[in-house]
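Scroll down for the structure; my scribbles are underneath it.
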Amino acid sequence: MKVHSLFVYPVKSLSGIEVTSFHTDDFGPVGDRRWMIVDDERRFVTQREHPELARVETQLDGDQVVINIPGEGDFGLTASNDELRVLVWRDWVKALAGLPEASDALSRFCRKPVSLVFMPDSSFRRVDAGRVDEYRRVGFADGFPFLVTNTASLAELNTRLEVPVEMRRFRPNIVVEGADAWDEDHWQSLSIGNNRLSMVKPCSRCVMTTVDPSTGLKDAAVQPLRTLSRYRRTGEGVIFGQNAIHESPGLIRVGEPVTVNQSE
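Heads up: the sequence shown begins at 1 in UniProt numbering, then just goes up one per residue.
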C-alpha cells in the first residue's frame, strides 16, 4: 500500500489542489480549510446549496491563497484585523473577516451576499469530543483534520455506475492505493512514512458528492450518492472514506508506504 495522491482545500467548499506532498500542523494539512464562506448571518456556505462554488478555483502563491472566480478574475485572500464569530455546523468559532474585494466578487458570482473569513491560530475549534478524547483542534473542515479514501473502493463503486466519477467528488486529503475495496472500513491506525494516523469516524456522504467538480452542476440522477446508499448505508450514514486525526506534525508525500497498524 502507498499514497496515491494528496489534496488540500484552502477554502472550504471551493475547488481543491492536488499536491505531491504537504506538511501537517495542529490543524491537519497546513492551510487546509482555514478559509470559509459565510452568509450575512455568519453561517457557513457550501456546495450543498451553491454547487457552482465548485467552479471557483484555488491556488497557492507562496503562503497566500488565490481564488479565481469565473467572470470576476483572480483575488488574493488577505485577512483583516476585524474579529467575528461564525457558525460551521454546530460550532461558533472566532474568525477574521477577509478584505472585501474578494468577498464582493464572490457575492456577485453567488448572487447573494457572502463573505470570506479566516481562522487564525488563536482560534480553537475542537474535534468531536464524542469521537476523540484528546483536546484536538480542526479548521473549518466538517469535523476532522483528514479524510482518507481508497482507490479500489472508488473503482468498485464505478463498476455500479453508468457514468464513472472521479475521486475529487469525495474531497479526500489522502488517497491510498494497493488495498482491497472497502478495506478502509476496518482500519483503526495507519502509518504513512513517519506519520501515524488514527481513524476516528467513517465519513458519511451528502449531496455534495453529486456535484461535478468540473462544471459545478448536480447530477440529475443523484449519482453516485443514490447508488452508494443502496449498499453502503450504515448507522453512521452513507459511507465513503474514513475521517482521521494525526499524532504529530510532519510531512506526507505521494508514493510513501502506508502500513495498517491496527484493524478490526
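Just so it is clear, CB atoms sit at the ideal spot from N, CA and C, and this is done for glycine as well. Please read all numbers here as calculations on a predicted model, not as lab measurements.
>> Rounding to the nearest angstrom, what Cα-Cα distance links arginine 131 and tryptophan 187 in this structure?
In response: Sequence index remark: in the sequence shown, residue 131 carries index 131 (1-based). Sequence index remark: in the sequence shown, residue 187 carries index 187 (1-based). Distance between the alpha carbons of arginine 131 and tryptophan 187: 15 Å.
> Rounded to a whole number of angstroms, what is the C-alpha to C-alpha distance between aspartate 63 and leucine 77?
Replying inline: Here residue 63 refers to the residue found at position 63 when the sequence shown is read from its first residue. Here residue 77 refers to the residue found at position 77 when the sequence shown is read from its first residue. Going by the C-alpha atoms only, they are around 10 Å apart.
> What distance in whole Å lies between the Cβ atoms of valine 117 and valine 38, which are believed to be in contact at a cut-off of 8 Å?
Replying inline: One-based indexing of the sequence shown puts residue 38 at position 38. One-based indexing of the sequence shown puts residue 117 at position 117. The Cβ separation is near 6 Å, so the contact holds.
>> I need the straight-line Cα distance from arginine 83 to tryptophan 35, nearest angstrom please.
In response: Within the sequence shown, numbered from 1, the residue matching residue 83 stands at position 83. Within the sequence shown, numbered from 1, the residue matching residue 35 stands at position 35. The question names arginine, yet the displayed sequence has glutamate at residue 83. Roughly 14 Å separates the two Cα atoms.
> For serine 123, does the count of other Cβ atoms within 10 angstroms reach 16, so buried, or fall short, so exposed?
Replying inline: Here residue 123 corresponds to residue number 123 of the sequence shown, with the count starting at 1. Burial call: buried.
> Which ranges would you report for the alpha helix (DSSP H) in the UniProt domain "MOSC" (114-261) if only whole runs of at least 4 residues count?
Replying inline: 151-158 and 225-231
>> Do arginine 33 and alanine 105 have their beta-carbon atoms positioned less than 9 Å apart in this structure?
In response: Taking the sequence shown and counting its residues from 1, one reaches residue 105 at position 105. Taking the sequence shown and counting its residues from 1, one reaches residue 33 at position 33. No. Outside cutoff.
> Which residue's Cα is closest to the Cα of alanine 179: Ala152, Gly71 and Gly193?
Replying inline: What you label residue 179 is simply residue 179 of the sequence shown in a count that begins at 1. Of the listed residues, the one whose Cα sits closest to alanine 179 is Ala152.
>> Taking 8 Å as the cut-off, does the region 235-253 touch the region 193-200 (at least 3 CB pairs, one atom from each stretch)?
In response: yes
> Measuring CA to CA, which of Val114, Val30 and Val66 is closest to valine 86?
Replying inline: By one-based count along the sequence shown, residue 86 stands at place 86. Cα-wise, what sits closest to valine 86 is Val114.
> glutamate 264 by DSSP, collapsed to three states: which one?
Replying inline: Against the sequence shown, residue 264 aligns to sequence position 264. In the structure shown, glutamate 264 sits in coil (DSSP, three-state: anything other than H, G, I, E or B).
> Distance, Cα to Cα, glutamate 184 vs leucine 14?
Replying inline: The count along the sequence shown starts at 1 and reaches residue 184 at position 184. The count along the sequence shown starts at 1 and reaches residue 14 at position 14. For glutamate 184 and leucine 14, the distance between alpha carbons rounds to 26 Å.
> So, leucine 157 versus cysteine 203, is the Cβ gap smaller than 9 Å?
Replying inline: In the sequence shown, residue 157 corresponds to position 157, counting from 1. In the sequence shown, residue 203 corresponds to position 203, counting from 1. Taking 9 Å as the Cβ cut-off, leucine 157 and cysteine 203 do not qualify as a contacting pair.
> Which class does arginine 90 belong to by DSSP, given the choice of helix, strand or coil?
Replying inline: Here residue 90 refers to the residue found at position 90 of the sequence shown. Arginine 90: coil per DSSP, three-state reduction.
>> Tell me the residue span of the beta strand (DSSP E) that contains leucine 6.
In response: Here residue 6 refers to the residue found at position 6 of the sequence shown. Unbroken beta strand (DSSP E) run through leucine 6: 2-8.
> Where does arginine 108 sit, in a helix, a strand or coil, going by DSSP?
Replying inline: Residue numbering aside, residue 108 sits at position 108 when the sequence shown is read from its first letter. Helix at arginine 108.
> Apart from the five residues on each side of it in sequence, which residues of its chain come closer than 6 Å, Cβ to Cβ, to proline 257?
Replying inline: Locating residue 257 in the sequence shown gives position 257, counting from the first residue. Lys2, listed in sequence order.
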